[in-house]
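Trainee: Those protein sequences? They're chains A and B, same order as listed.
Numbering follows this note's numbering, in which position 77 of the first sequence is assigned residue number 77; successive positions increment by one, without gaps.
Numbering follows this note's numbering, in which position 130 of the second sequence is assigned residue number 1130; successive positions increment by one, without gaps.
Virtual Cβ for every residue (Gly too), placed ideally from N, Cα, C.
As the structure is a computational prediction, the values presented were derived from the model and not from experiment.
There are 2 protein chains.
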Amino acid sequence: MSGSRAAAKARTHENLLDAAATVFAERGYGAASVEEIARTAGTSVGSVYAHFTSKEKLFVALMERRSAHEFAAAQAELVDGFEAAVPALNRQLLAEADSDHLAELGAEAWLYALRSPAFGAELAAHHRRVHEIITDMVAQERTRRGTTLSMSDAEVGTVASALARGLVQYRRLSPESVPDDLFGRTLSALLAGLEASPASPPASGPDAAASVDA
Amino acid sequence: MSGSRAAAKARTHENLLDAAATVFAERGYGAASVEEIARTAGTSVGSVYAHFTSKEKLFVALMERRSAHEFAAAQAELVDGFEAAVPALNRQLLAEADSDHLAELGAEAWLYALRSPAFGAELAAHHRRVHEIITDMVAQERTRRGTTLSMSDAEVGTVASALARGLVQYRRLSPESVPDDLFGRTLSALLAGLEASPASPPASGPDAAASVDA
DNA sequence: GTCTATACCGGGATAGAC
DNA sequence: GTCTATCCCGGTATAGAC
Chain A
1 MSGSRAAAKA RTHENLLDAA ATVFAERGYG AASVEEIART AGTSVGSVYA HFTSKEKLFV
61 ALMERRSAHE FAAAQAELVD GFEAAVPALN RQLLAEADSD HLAELGAEAW LYALRSPAFG
121 AELAAHHRRV HEIITDMVAQ ERTRRGTTLS MSDAEVGTVA SALARGLVQY RRLSPESVPD
181 DLFGRTLSAL LAGLEASPAS PPASGPDAAA SVDA
Chain B
1001 MSGSRAAAKA RTHENLLDAA ATVFAERGYG AASVEEIART AGTSVGSVYA HFTSKEKLFV
1061 ALMERRSAHE FAAAQAELVD GFEAAVPALN RQLLAEADSD HLAELGAEAW LYALRSPAFG
1121 AELAAHHRRV HEIITDMVAQ ERTRRGTTLS MSDAEVGTVA SALARGLVQY RRLSPESVPD
1181 DLFGRTLSAL LAGLEASPAS PPASGPDAAA SVDA
């Protein structure tokens, strides 16, 4: 068939991205060499530059694929609602923490974003898109419960994302300090706490949960 | 005085560590050059190698100074108890998120720790020491309130640390999504939620806070 | 598009004078 | 201990054959 050549090219392209993921994660962006990436992908240096104009572009392409996957996964979890999503998120979190590459690539992406304004804007936009999905999920759950929370849906979404990210990083360094279900238990307690304390000004409730601010 | 020479040496030493902090944060470990560090410190390349045997050792020395500072700060906060400590932690978090260097160095340290087993053990040990302090603070506050929490003190400490770390990173990328007091409000709601739901088996409470696990 | 060979440069580390 | 000058390796990127 006439698609055979194009298919081979596409395969090389994917192989290169996979190899880039491995090598960038293991060595870090700076210490990763194009030669090692080519070797890992089972091809040559010249081939890398036929597919990507520079090492930097290869890295960005990898990050974009990563974002697309993450977004798709987040969307897939939304359809089943909050209660199904939390265990799913928890599973993802464990997978990332225990993977040899995912968490490292996340950190590399974050650092690169701080140093390259253009990429930083892209990554921030990606975060916003994922955050929207999570916020929707929180709103949906709040409505289902028929309660009010003393924090905006968006803020709950931010907290959940930040907590997940932080736990992944702690677990990667000291696995024993982050039990499998810590994320889920924390989220559940947090929602309970947000329901308990009233959102509106009139301080009718007990003095419990002393107001803590900066 | 006879200490004048030694003082000059010590000053160079500190200048080098300060310069290293700046350059490693701005460029990343791999892309940082010893020449730029020397120039930033107002000295020469040769001088760097007179003080540190290699670029790697310089990096590790910087990280150790960082850990020492962090630990001292954490200890200083303990003495005033939990209620004073939370705003203090919040302030530190804001400082780190808004600093040009601190958050980046944290990420560099984490990545380096994953790649160098020896340093990884050191960083994990540092985390444990800080974690102990936080755990003590939680225990102290729990006792003061005279309640029980449906999570161990250590777990609460882990969650607080992870949340802080995650929020710092989110705020660095999109400052508008992390309000100044989000950390404090979250912690307060979390504690309220942990008090509300019983720790012991007998499920006497309402079905609220549906049990969420992995 | 894929390969091998190579131009080219930047940076880690050292030598040796002061 | 601090400097300048230098060695030398490794790595990005390109040239040119197939």
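1. The region 1101-1118 of chain B: which residues have C-beta closer than 9 Å to a C-beta of chain A, in chain order?
2. Count the other CB atoms, across all protein chains shown, that sit within 10 Å of the CB of Gly146/A; report buried if there are 16 or more and exposed otherwise.
3. For my contact list, His1051/B and His1013/B are in at a C-beta cut-off of 8 Å; report their separation, rounded to the angstrom.
4. For Thr158/A and Tyr1170/B, which I take to be in contact (beta-carbon distance under 8 Å), what is that distance rounded to the nearest angstrom?
5. What did DSSP end up calling Gly1046/B once you bin it into helix, strand or coil?
6. Closer than 8 Å by beta-carbon distance: list the chain A residues that pair up with Gly1028/B, in chain order.
7. Beta carbon of Met63/A, beta carbon of Leu16/A: below 9 Å?
8. Starting from the C-beta of Ala214/A, find all residues in its chain whose C-beta is less than 8 Å away, skip the five residues before and the five after it, and write them out in chain order.
9. Less than 9 Å between the beta carbons of Asp180/A and Leu89/A, yes or no?
10. Just the Cα atoms here: how many angstroms apart are Leu1194/B and Gly193/A?
11. Among Ser161/A, Thr135/A, Val168/A and Arg165/A, which residue has its Cα nearest to the Cα of Ser152/A?
12. Quick one: what does DSSP say Tyr1170/B is sitting in, helix, strand or coil?
13. May I ask which residues mark the beginning and end of the alpha helix (DSSP H) holding Asp98/A?
14. Between the region 20-28 of chain A and the region 99-113 of chain A, can you find at least three pairs of beta-carbon atoms closer than 8 Å?
15. Thinking Ser1150/B and Ala189/A are a contact (beta carbons under 8 Å), I'd like their distance in whole angstroms, please.
16. Give me the Cα-Cα distance between Ala1061/B and Ala1109/B, rounded to the nearest whole angstrom.
17. Can you have a look at Lys9/A and say buried or exposed, based on whether 16 or more other CB atoms are within 10 angstroms of its CB?
18. Check whether the Cβ of Ala162/A lies closer than 9 Å to any Cβ atom in chain B.
19. Just to confirm, is the Cβ distance from Leu1173/B to Leu167/A under 9 Å?
20. Could you list which residues in chain B have their beta carbon closer than 8 Å to that of Leu182/A, in chain order?
21. Along the chain, where does the alpha helix (DSSP H) containing Tyr29/A start, and where does it finish?
22. What are the residues of the region 162-179 of chain A that lie near chain B, defined by any Cβ-Cβ distance shorter than 8 Å?
23. Any idea if Thr1143/B is buried or exposed, counting beta-carbon neighbours within 10 angstroms, 16 or more meaning buried?
24. DSSP on Pro179/A, reduced to helix/strand/coil?
25. To the nearest angstrom, how far is it from the Cα of Gly1184/B to the Cα of Gly28/A?
26. Please report the residue range of the alpha helix (DSSP H) in which Gly106/A lies.
Mentor: Inspection of the coordinates gives the following:
1. Ala1103, Glu1104, Ala1107, Glu1108, Trp1110, Leu1111, Tyr1112, Ala1113, Leu1114 and Arg1115
2. Mapped onto the first sequence, residue 146/A falls at position 146. Exposed, because fewer than 16 other Cβ atoms sit within 10 Å of the Cβ of Gly146/A.
3. Here residue 1051/B is taken as the residue at index 51 of the second sequence, counted from 1. Here residue 1013/B is taken as the residue at index 13 of the second sequence, counted from 1. Right, their Cβ atoms sit about 6 Å apart.
4. Walking along the first sequence from the start, residue 158/A turns up at place 158. Walking along the second sequence from the start, residue 1170/B turns up at place 170. At roughly 6 Å, the Cβ-Cβ gap stays under 8 Å, so Thr158/A and Tyr1170/B are in contact.
5. In the second sequence, counting from the first residue as 1, residue 1046/B sits at position 46. Three-state result, Gly1046/B: helix.
6. Sequence index remark: in the second sequence, residue 1028/B carries index 28 (1-based). Per Cβ cutoff of 8 Å: Gly28, Tyr29, Gly30, Leu111 and Arg115.
7. The residue given as residue 63/A occupies position 63 in the first sequence. The residue given as residue 16/A occupies position 16 in the first sequence. No.
8. One-based indexing of the first sequence puts residue 214/A at position 214. Confidence at Ala214/A is low in this model, with a pLDDT of 43, below 50, so the placement of that residue is unreliable and no value is reported for it.
9. The residue given as residue 180/A occupies position 180 in the first sequence. The residue given as residue 89/A occupies position 89 in the first sequence. The answer is no: Cβ separation not under 9 Å.
10. Start at 1 with the first residue of the second sequence, and residue 1194/B comes out as number 194. Start at 1 with the first residue of the first sequence, and residue 193/A comes out as number 193. When rounded, the distance between both Cα atoms is 7 Å.
11. By 1-based counting over the first sequence, the position of residue 152/A is 152. Taking only the C-alpha atoms, the option nearest Ser152/A is Thr135/A.
12. Here residue 1170/B is taken as the residue at index 170 of the second sequence, counted from 1. Helix at Tyr1170/B.
13. Residue numbering aside, residue 98/A sits at position 98 when the first sequence is read from its first letter. Gly81 to Asp98 is the extent of the alpha helix (DSSP H) around Asp98/A.
14. The region 99-113 of chain A, when compared against the region 20-28 of chain A, does touch it at the 8 Å Cβ threshold.
15. Numbered from its first residue, the second sequence carries residue 1150/B at position 150. Numbered from its first residue, the first sequence carries residue 189/A at position 189. Their Cβ separation, rounded to whole angstroms, is 7 Å, which keeps Ser1150/B and Ala189/A in contact under 8 Å.
16. One-based indexing of the second sequence puts residue 1061/B at position 61. One-based indexing of the second sequence puts residue 1109/B at position 109. Cα-Cα distance, rounded: 11 Å.
17. Looking up residue 9/A in the first sequence gives position 9. Counting Cβ neighbours within 10 Å, Lys9/A comes out exposed, since fewer than 16 surround it.
18. The count along the first sequence starts at 1 and reaches residue 162/A at position 162. Cβ-Cβ to chain B under 9 Å: yes for Ala162/A.
19. Stepping through the second sequence from its first residue, residue 1173/B is reached at position 173. Stepping through the first sequence from its first residue, residue 167/A is reached at position 167. Cβ distance not < 9 Å, so Leu1173/B and Leu167/A don't count as in contact.
20. Taking the first residue of the first sequence as 1, we reach residue 182/A at position 182. Residues of chain B passing the Cβ test: Glu1155, Thr1158 and Val1159.
21. If you number the first sequence from 1, residue 29/A lands on position 29. Element bounds for Tyr29/A: n/a, residue is neither H nor E.
22. Ala162, Leu163, Ala164, Arg165, Gly166, Leu167, Gln169, Tyr170, Arg172, Leu173, Ser174, Ser177, Val178 and Pro179
23. Counting from one through the second sequence, the residue named residue 1143/B turns up at place 143. Result: exposed.
24. Numbered from 1 along the first sequence, position 179 holds the residue referred to as residue 179/A. Looking at Pro179/A - three-state DSSP - the assignment turns out to be coil, as it is neither helix nor strand.
25. Numbered from 1 along the second sequence, position 184 holds the residue referred to as residue 1184/B. Numbered from 1 along the first sequence, position 28 holds the residue referred to as residue 28/A. Spanning the two alpha carbons is a distance of roughly 34 Å.
26. On the first sequence, residue 106/A is found 106 positions in, with the first residue counted as 1. For Gly106/A, the enclosing alpha helix (DSSP H) starts and ends at Leu102 to Arg115.
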